[in-house]
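If you read the sequence shown in full-length UniProt numbering, its first letter stands for residue 1, the second for the next number, and so on.
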Amino acid sequence: MNYKIKWQYKGTNTESILLESEWASNSIIESLMNDFLKTGRTVDLSIVDEMGNEWTKKEFLKLKNTTEKEPQNIVIYFDGGFDLQTGLSGIGMVIYYDKDGKSYRLRANDQLSELESNNEAEYAALYNAVMLLEDLNVKFIPCTIRGDSHGLLKQLTGEWPCLEQNLNRWLDRIEEKINKLGLKPLYEPITRKQNKEADQLASQALKNTIVNSHIEL
Numbered sequence: 001m002n003y004k005i006k007w008q009y010k011g012t013n014t015e016s017i018l019l020e021s022e023w024a025s026n027s028i029i030e031s032l033m034n035d036f037l038k039t040g041r042t043v044d045l046s047i048v049d050e051m052g053n054e055w056t057k058k059e060f061l062k063l064k065n066t067t068e069k070e071p072q073n074i075v076i077y078f079d080g081g082f083d084l085q086t087g088l089s090g091i092g093m094v095i096y097y098d099k100d101g102k103s104y105r106l107r108a109n110d111q112l113s114e115l116e117s118n119n120e121a122e123y124a125a126l127y128n129a130v131m132l133l134e135d136l137n138v139k140f141i142p143c144t145i146r147g148d149s150h151g152l153l154k155q156l157t158g159e160w161p162c163l164e165q166n167l168n169r170w171l172d173r174i175e176e177k178i179n180k181l182g183l184k185p186l187y188e189p190i191t192r193k194q195n196k197e198a199d200q201l202a203s204q205a206l207k208n209t210i211v212n213s214h215i216e217l
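Spelled out as structure tokens, the structure:
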């Protein structure tokens, strides 16, 4: 989660003006906040987070101690594959996040039998990735979602329509889960090469090699 500072600045011979910082991490914001207050010319200082919440200095410091113990800086990778001969699908999900000053990676995949196409496997992979966030108790924060299924990501941003009924149902499930968790998603289309970790997991699932790994980096 990034934050920015809003404050009133009153110079010796100037009227009070409202200023606003760039977005930055909580550690940088805390340092800036302390520097600004030392000048004696800063009044009505508040901190705003990416979700639109606004905090006083006291509230921010209390919040900082709490949020450091919760998952932050969430990045999701997802991919899906479909074997036309067997009718089986493989889905792969990778989640990177920080918690309590440490970085973690969660890798998981699964083999599914009820899907109808490679496209549907992509939707199922993203839905399952968001379900993993729920298992991690990730709520009310921004998250970055990366995948090489550009059509799906553009549908989620509203840039493209979804004309297939079964895929629309998956979109509804994904959006419902994201809204339930109070997430603020940033969708980033990437190349297949950049998505190789999730792609490999999906391929392994098609071979019934199931992976469930959660490690500190």
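In this text, a Cβ means the ideal position worked out from N, Cα and C, and glycines have one as well.
Of the residues A24, S25, I5, the one placed nearest L18, counting alpha carbons only: I5
Closest residue to T42 among L217, Q8, V48, N119 (Cα-Cα distance): Q8
Identified DSSP bridge partners for L112: S89
For E175: DSSP bridge partner residues: E175 pairs with nothing; no bridge assigned.
Where R192 falls, given that 16 or more other Cβ within 10 Å makes a residue buried: Counting the other CB atoms within 10 Å of its CB gives R192 a total below 16, which places it among the exposed residues.
Three-state secondary structure (DSSP) of K6: Strand.
Residue(s) in a DSSP beta bridge with H214: L106
C-alpha distance - H150 paired with P142, whole-angstrom precision: 20 angstroms
DSSP-derived helix/strand/coil call for V138: coil
Touching by the beta-carbon criterion (3+ pairs, under 8 angstroms), the segment 109 to 124 and the segment 85 to 95: yes
DSSP beta-bridge partners of I29: Paired residue(s): none; I29 is not in a bridge.
Bounding residues of the alpha helix (DSSP H) (the contiguous stretch that carries E197): Here the alpha helix (DSSP H) through E197 covers 196 to 206.
Burial state of R169 (16 or more Cβ within 10 Å): exposed
Three-state secondary structure (DSSP) of R169: helix
Extent of the continuous beta strand (DSSP E) to which E188 belongs: 184 to 189
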